[in-house]
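Numbering (my numbering), first residue to last: 12 to 126.
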């Protein structure tokens with residue numbers, strides 16, 4: 012990625028944007044899995060969801076469970092993840108079409124060789 016940033020080919024930012032998209036999606040998916048694991052699939056008395064449910068039971072209504080809080084957090088995380096991916100894919104510009112490897116510049120061939 013470092014080498015492709017300092018070359019002069021037309022789509023030099025494409026590998027960087029795709030790598031950042033991949034890293035961002037992986038972080039978001041891990042956070043979503045962590046919400047599922049800690050709040051929805053099992054109930055831990057010291058989790059954030061159980062503490063938040065205790066606060067809501069004292070303040071507004073007594074019918075709030077930690078799994079319900081975890082379900083709301085999980086659904087919110089899924090919606091944010093899907094929305095972010097769709098928005099990012101619409102913002103990233105399309106790369107120019109290269110019909111064959113002979114039409115590529117030397118910088119492009121070097122970047123492909125390294126990666």
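For glycine and all other residues, C-beta sits at the position ideal for the given N, C-alpha and C.
Fair warning: this is a prediction, and the values are worked out from it, not measured in the lab.
Tell me whether residue i is buried or exposed, calling it buried when 16 or more other Cβ atoms sit within 10 Å of its Cβ.
| i | result |
| --- | --- |
| residue 77 | buried |
| residue 64 | buried |
| residue 84 | buried |
| residue 119 | buried |
| residue 116 | exposed |
| residue 122 | buried |
Tell whether a beta-carbon distance below 8 Å holds between residue i and residue j.
| i | j | result |
| --- | --- | --- |
| residue 34 | residue 96 | no |
| residue 28 | residue 103 | yes |
| residue 86 | residue 32 | no |
Helix, strand or coil, according to DSSP, for residue i in the structure here?
| i | result |
| --- | --- |
| residue 65 | helix |
| residue 46 | helix |
| residue 37 | helix |
| residue 117 | helix |
| residue 5 | In the structure as shown, the chain starts at 12 and stops at 126, and residue 5 therefore has no counterpart that could be examined. |
| residue 125 | helix |
| residue 101 | helix |
| residue 56 | coil |
| residue 77 | helix |
| residue 95 | helix |
| residue 26 | helix |
Identify, in the order they occur along the chain, each residue of the same chain with its Cβ nearer than 8 Å to the Cβ of residue i, setting aside the five sequence neighbours on each side.
| i | result |
| --- | --- |
| residue 88 | 39, 42, 43, 46 |
| residue 56 | none |
Looking only at its own chain, which residues have a Cβ that is under 7 Å from the Cβ of residue i, when we skip the five neighbours before and after it?
| i | result |
| --- | --- |
| residue 81 | 46, 50, 51, 60 |
| residue 58 | 49, 50, 77 |
| residue 70 | none |
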